[in-house]
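Just so you know, we're using the working numbering here: the sequence shown kicks off at 25 and counts up by one.
We treat Cβ as the ideally placed atom computed from N, Cα and C, and that holds for glycine.
All remarks here apply to the structure that follows.
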Amino acid sequence: MPRSAPTGVGKKDGHKNMSKLRSVHHLALTVTDVDRSVPWYARVLELEESARRDDPETGLRKVVLRSPGDEFAVMLVQHAEQARRSFDERRTGLDHVAFKVSSHADLAEWERRLTEYGVTYTPASSSRTLPGAAVIVFRDPDGIQLEVWADPEP
């Protein structure tokens, strides 16, 4: 059962020796069809399947895909009950996922890759959020918005 922090806990001075978060371990995305989504993510994002769990009792299916070099992982989750509306970033929850590349030049490579795989995308353009950054926007088979992001260059 989840626990609530006591009043005042979590303030900056309350945890002087608390370890800091280092990175995101994995991102779990609910999909309608794992068998359709796994090959798409593996091909388009160059991820490799590293674990799979199918629970016949509950109908839950999970597949973990890792990036080369184990920089990050994406978990694709298919629930047995799929009485869900389609993805909509305007509802509370996930808005989009942005994957970072090293430079603006890398975005051109991603545009070629997305074109090669027939993925519809918005070409690299300046970010409206962070001046100097650039972003490519596209969607997965379930309509989840994904981005390839390049920070401002010095």
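- In the three-state reduction of the DSSP assignment, R137 falls in the helix class.
- The distance from the Cβ of D164 to that of S61 is about 7 Å, consistent with a contact at the 8 Å cut-off.
- The Cβ neighbour count for A75, taken over all protein chains shown within 10 Å, is under 16; the residue is labelled exposed.
- Between L71 and E177, the alpha-carbon positions lie close to 26 Å from each other.
- Residue state for P147 is assigned as strand, using DSSP reduced to three classes.
- Per DSSP, the unbroken alpha helix (DSSP H) holding R67 starts and ends at 58-68.
- Just measuring C-alpha positions, the residue of L131, A104, T82 sitting nearest V172 is L131.
- Within the same chain, D166, G167 come within 8 Å of S110 by CB-CB distance, once the 5 residues on both sides are set aside.
- Just so you know, the alpha carbons of I160 and A129 end up roughly 12 Å apart.
- Ranked by Cα distance from E135, the first of H120, P147, E105, S43 is P147.
- Going by C-alpha positions, E140 is about 12 Å away from L69.
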